[in-house]
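Okay, so here's the structure we're looking at.
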Amino acid sequence: MTAPATAGAGPALEARDFSIRLHTRAQSITIVDEVSWSVAPGETLAIVGESGSGKTVSTLGIFGLLPANVACDTGGQVLLHGRDVLGLPDTERAKILGSDVGVIFQDPLTAFNPMRRVGPQIARSVQAHLGLSTADARERAVELLGQVGIADPRARYAAYPHEMSGGMRQRALVALAIAGEPTVLIADEPTTALDVTTQAQLLELLRTIQAERGLALVLITHDMGVVASIADKIAVMYAGRVVEYGDAVSVLGDPDHPYTSGLLASIADARAGAKEPFRVLPGLPPDLARVGEGCRFADRCELAEASCADLVPVLVPLRTRTGGRQASACWKHPRHEPLTEPDEQKAVRA
Amino acid sequence: MVRMILRRLGVAAITFTLASVLIFLLVDLAPGDPAKLLAERRYGANTTVENVAQVRSELGLDRSAAERYLSWIGHALRGDFGNSFQNGRLVAQDLTEKVGVTVILILCAAVFALLLGVLLAGLGAWRPGGWIDRATRGVAMAGVSVPMFFLGPLLLLAFALKSPLFPAIGESGPASWVLPAVTLGCSSAAIFAIVTRVLVEEAMTQQYVITSRSVGALPGAVLVRDVLPNIAPQAVTVFLTQVGFTLLPGTTIVETIFAWPGIGDYFLRGLLFRDFPVMQAVLLLFVVVLIVLNLMADLVQGVLDPRVRRSLRKGTT
């Protein structure tokens, strides 16, 4: 991993062995387990995985954006332009949110306050982070609504959320997220609630905005099609851990981890013909309250041996055919040769 | 909006008619015979059956129930509630004389309930789950549990007799309003606090609160700008319901304890004498107030919630 440097040179956002423990009345569960990744300015990192794999929690949890009734604590480090932002007090965190980091949420209907007009909600963020006057902030908000492709932004400024379509609300949510001119944008399943044509438009919008502003984009999704069209890097999550991480081309083109292969194989292929049955990954992700030692995917893995259940595999860099960077956390490494010394692997395993 | 109001008014008219029939029947069917009571008062121990029958016809009670209902409601709609059985005074005139102190009582109790309720809920919501939250919940639970007929005498004893800070009985200016208003408003304040606190708690888990935090809003700003506008319509409805269903009937108890010459006290005296016109008039008045409060709650929803407002506007076109 590269040493933290000044903004621009190093990664914009970097997670190092980041963990979240969730506390319920009965027990504590590690729902995010030593996750590491980084994203540089202008780069797009896609975090993929099934529902419940911890992809949303591992990102929004960094900034305390989990529901208020969730009690949890964090471990490891998350560096925003080299500065550790974990465990900051509310007031410090509030300074970062909106101004350095923007977030686009999954469900655009519930994301806006239903009692307030959309435009002023955006203007409020502009005013708070850019220090503009009320009138200027209003103008800026109208401008933003136009930039995200909302027709007649001046009229739409005064609309309530329920007066907008789903796609329009999602665009407005993008405007809200970039209102404070952040350097990092986190998009949590931004296209899930939209129909297919609107999805494509929104992805195009995200790409344009990212290019214009040189944003580091963290995209949380379970849609491999979205990943393929926009990601530079991919982190595949399973049961709270990153199981494969690397360049999009390498991971998508030549996945190492059996889970990644399974995810890619389960994409419905229109050319396969209607007779062909859908290929699905058998089984369900494990209950995180019950996982023990060993590989968490072992139960669903075709290649698993008894020894896979002994110790948790860690991410190990791989020798790729393309020369790209790729790492996977599997004892078997079915498709690639690990770069780490065999002794070291044994040491981890012992 | 106009169509909505007209529809509501139509429903209100039906409610009023049904309620008036019920009031009339219930009062009529209640045990106790006003003719006998009045005859005994007039003729003493040696009241004869003929005496009672004569009083009955004087009061008009020998007519059929349907006949009496129609005549009663017909006059009531014109503001004539008949004459009291006890003393022959015009009930409408008594009502206008006594309604003032009851309005004062209910308004004071409502303001007290509102302020204390918001204070308790706000204190609790500031740090959810903290000791202040638990303490205010405890206070609220105690407030709900204390009945007016117990709290009233307790306050009287403590703040009017032991340490005479406030007048004990009667209505004699603002100082005398305090104890009755607190007695009447206490349980409403507690219920309002509990409901508001729950509404805040629920609103805090909504996605828009997380969105607001995601653009750097601090907890105080989230509470004022996001949570309050969202819970206001429901909170107002709960509050108006409290005014209608707790404060209004509670006046009978509180006015008796503090010897206030208001509507509640008037009703209770009428009840003891089976004074049909008095009971019917007061109950009908209560029904009208309830109907008006309900209409107000509906209207407030329309004013506070843009989604309701819009659907109402659509309804007119």
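Chains as they are written, first to last, in my numbering: chain A, 1 to 350; chain B, 1001 to 1317.
Glycine residues also receive a C-beta, built at the ideal position from the N, C-alpha and C atoms.
Collapsing the DSSP output to three states places residue 203 of chain A in a helix. As summarised for the stretch 90-161 of chain A, the continuous alpha helix (DSSP H) elements at least 4 residues long and confined to that stretch are 90-96, 108-111, 118-130, 134-147 and 153-156, given in chain order. For the stretch 83-114 of chain A, the residues whose beta carbon sits under 7 Å from a beta carbon of chain B are, in order, 90, 91, 94, 95, 97, 98, 99, 103, 105, 107, 110, 111, 112, 113 and 114.
Residue 327 of chain A is bridged by DSSP to A:245 and A:317. Cβ proximity to chain B below 7 Å picks out 128 and 129 from the stretch 126-147 of chain A.
Chain-order list of chain B residues neighbouring residue 180 of chain A: 1215 and 1216, by C-beta distance under 8 Å. Of all C-beta pairs linking the stretch 69-77 of chain A to the stretch 221-238 of chain A, fewer than three are shorter than 8 Å, placing the two stretches out of contact.
At the C-beta level, residue 35 of chain A and residue 241 of chain A come within 8 Å of one another. Not a single CB atom of chain B sits nearer than 8 Å to the CB of residue 80 of chain A. Under the 8 Å criterion on CB atoms, residue 1275 of chain B is classed as non-interfacial with respect to chain A. Annotation for residue 1134 of chain B: no beta strand (DSSP E) segment contains it, though the alpha helix (DSSP H) segment containing it runs 1131-1145. Non-local beta-carbon contacts of residue 33 of chain A in its own chain, meaning distances under 7 Å to residues more than five positions away in sequence, involve 19, 240 and 241 in chain order. Taking a Cβ-Cβ cut-off of 7 Å, the neighbours of residue 116 of chain A in chain B comprise 1229, given in sequence order. Shown here, residue 1115 of chain B sits in a helix according to DSSP, grouped into three states. The beta carbon of residue 104 of chain A lies closer than 6 Å to those of 173, 174, 177, 187 and 190 in the same chain, with the five residues before and after it left out.
In this structure, residue 47 of chain A lies away from residue 267 of chain A, with their beta-carbon atoms at least 8 Å apart.
Residue-level contact check: residue 202 of chain A does not touch chain B, since none of the beta carbons of chain B fall below 8 Å from its beta carbon. Neighbours of residue 1305 of chain B across chain A, judged by C-beta separation under 9 Å: 114 and 115.
In this structure residue 257 of chain A is buried. Its beta-carbon is surrounded by 16 or more other beta-carbon atoms within 10 angstroms. With a 10 Å radius around the Cβ and a threshold of 16 neighbouring Cβ atoms, residue 1226 of chain B comes out buried.
Boundaries cannot be given for residue 336 of chain A, as no alpha helix (DSSP H) includes it and DSSP labels it neither H nor E. Counted as a single uninterrupted DSSP element, the stretch harbouring residue 290 of chain A is not any beta strand (DSSP E), since DSSP gives it neither H nor E. Taken atom to atom, the span from the alpha-carbon of residue 1080 of chain B to that of residue 1276 of chain B is near 14 Å.
Per DSSP, reduced to three states, the secondary structure at residue 1028 of chain B is helical. Between residue 1207 of chain B and residue 59 of chain A, the beta carbon gap of about 16 Å keeps them out of contact (Cβ cut-off 8 Å). In the structure shown, residue 280 of chain A adopts coil according to DSSP, grouped into three states.
Distances from the alpha-carbon of residue 204 of chain A to those of A:155, A:250, A:94 and A:148 put A:148 closest.
At least 8 Å separates the beta-carbon of residue 1071 of chain B from that of residue 1278 of chain B. DSSP places residue 1178 of chain B within a helical segment (H, G or I) once states are collapsed to three. In chain order, 60, 65, 66, 67, 68, 103, 105 and 111 make up the part of chain A whose C-beta sits under 9 Å from the C-beta of residue 1210 of chain B. Only buried fits residue 248 of chain A, as 16 or more other CB atoms lie within 10 angstroms of its CB. With a threshold of 8 Å between beta carbons, residue 176 of chain A makes contact with chain B.
Between the stretch 1172-1184 of chain B and the stretch 1207-1226 of chain B, the count of Cβ pairs shorter than 8 Å is below three; the stretches do not touch. In the DSSP secondary-structure assignment, residue 39 of chain A is bridged to A:13. Judged by pairs of C-beta atoms under 8 Å, the stretch 1007-1021 of chain B touches the stretch 1289-1297 of chain B, as three or more such pairs exist. Bridge pairing for residue 1083 of chain B: B:1090 [DSSP].
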